[in-house]
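Everything on this sheet refers to the single structure shown next.
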Amino acid sequence: MAVSIPIALALIATTWAAGGPATAKHDPGDKPPAASAPCGPENLLAGRRPSASQQVIGNLGLMTDGAVAPEGAQWDAPVAVTLEGGAASVTYDLGSPRAISALLLQADANDTYKISGSDDGTAASFKVLAELANVVESAGHGLRTRAVAIPVTTVRYLRVGEAKGDGFYSIAEIGAYCQTPSPFPPALRIVDAPPAQVGDAPPVNPGGPHSKHDGGSVFILGAAAALLAWLAYRTVRR
363 MAVSIPIALA
373 LIATTWAAGG
383 PATAKHDPGD
393 KPPAASAPCG
403 PENLLAGRRP
413 SASQQVIGNL
423 GLMTDGAVAP
433 EGAQWDAPVA
443 VTLEGGAASV
453 TYDLGSPRAI
463 SALLLQADAN
473 DTYKISGSDD
483 GTAASFKVLA
493 ELANVVESAG
503 HGLRTRAVAI
513 PVTTVRYLRV
523 GEAKGDGFYS
533 IAEIGAYCQT
543 PSPFPPALRI
553 VDAPPAQVGD
563 APPVNPGGPH
573 SKHDGGSVFI
583 LGAAAALLAW
593 LAYRTVRR
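The opening position of the sequence shown corresponds to residue 363 in this note's numbering, with each subsequent residue numbered one higher.
Okay, structure coming up:
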């Protein structure tokens with residue numbers, strides 16, 4: 363029996379549709395996977411303001427302005443902020459989780475400082491990423507730069523502080539990097555600052571940070587007073 367041309371064409375079309383390749387369906391609600399954040403050598407903290415701070419004196423913008431003091435500058439030079447104790451800290455929100463592989467800190471040489479990281483910013487979630495060592499024996503007094511590589515860690519929040527040392531703490535600059543810059547530490551803008559005074563007591567600024575050498579000044583003044591009292595006593599005895 364002859365098959366009409368329309369029926370034959372219909373059969374061919376049906377067969378092709380049944381055996382043809384499947385076409386992927388697109389759901390308008392589907393979203394493409396989020397691209398991972400680029401990992402470059404730039405400072406992830408550059409220009410950032412802290413999301414939280416406690417017991418810190420000074421302009422917090424100085425810590426991330428890309429400017430440092432000459433190595434060995436006075437510990438409380440205008441380029442730095444001062445921390446009022448071991449509980450003082452500054453916290454930064456990177457905006458999203460970022461990989462960190464290197465850290466930089468210019469701070470007072472004869473103290474140690476912790477840099478910690480967290481995923482959500484809650485107090486209990488911060489874990490120490492690095493403890494920047496006391497470098498006074500190897501580098502000298504004053505503001506000194508420490509730069510360390512760490513195992514790659516992904517965090518959203520970074521906190522610096524929890525210092526230990528002589529009770530006089532300061533920070534001039536902090537940096538955090540996904541990719542370690544070359545050279546490392548990177549070259550930063552240097553601003554003028556007075557050199558550290560070791561052995562001589564600089565004038566004390568009333569109401570401001572006290573000199574690290576106040577103890578020596580008190581001792582000298584006490585000795586001078588004792589000498590004057592002894593001379594007065596000898597004069598009266600005569």
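No residue lacks a Cβ here, since even glycine has one placed at the ideal position from N, Cα and C.
From the DSSP output, in three-state form, read off residue i for me.
i	result
Leu407	coil
Lys387	Residue confidence is low: Lys387 scores 43 on pLDDT, short of 50, so the model does not pin down where it sits. Its coordinate-derived value is still stated next. Lys387: coil per DSSP, three-state reduction.
Gly673	Residue numbering for the chain in the displayed model covers 363 to 600; residue 673 lies beyond these limits and cannot be assessed.
Ser463	strand
Glu524	strand
Asp470	strand
Asp455	strand
Leu505	strand
In chain order, what residues of the same chain have a beta carbon less than 6 Å from the beta carbon of residue i, not counting five sequence neighbours either side?
i	result
Glu446	Gln417
Ile477	Leu465, Leu491, Ala492 and Val522
Looking only at its own chain, which residues have a Cβ that is under 7 Å from the Cβ of residue i, when we skip the five neighbours before and after it?
i	result
Ala439	Ala431, Leu505, Ala555 and Pro556
Ala501	Ala471
Gly527	Asn472, Asp473, Thr474 and Asn496
Alpha carbon to alpha carbon, how far is residue i from residue j?
i	j	result
Ser451	Gln559	26 Å
Asp427	Ala408	6 Å
Thr507	Glu433	7 Å
Ser458	Ala549	27 Å
CB residue i to CB residue j, shorter than 8 Å?
i	j	result
Ala442	Ser532	yes
Thr444	Gly420	yes
Ile462	Ile512	yes
Ser480	Val517	yes
Ala414	Thr474	no
Leu520	Leu467	no
What are the start and end residues of the beta strand (DSSP E) that includes residue i?
i	result
Val498	Unbroken run through Val498 is the alpha helix (DSSP H), Val498 to Ala501; no beta strand (DSSP E).
Ser487	Unbroken run through Ser487: none, as it is neither H nor E.
Gly479	Thr474 to Ser480
Gln416	Ala414 to Gln416
Leu445	Val443 to Leu445
Going by beta carbon distance, what residues of the same chain come within less than 8 Å of residue i, once the five residues before and after it are set aside?
i	result
Thr542	Pro403, Ser463, Ala464 and Ala511
Cys401	Ala461, Cys540 and Gln541
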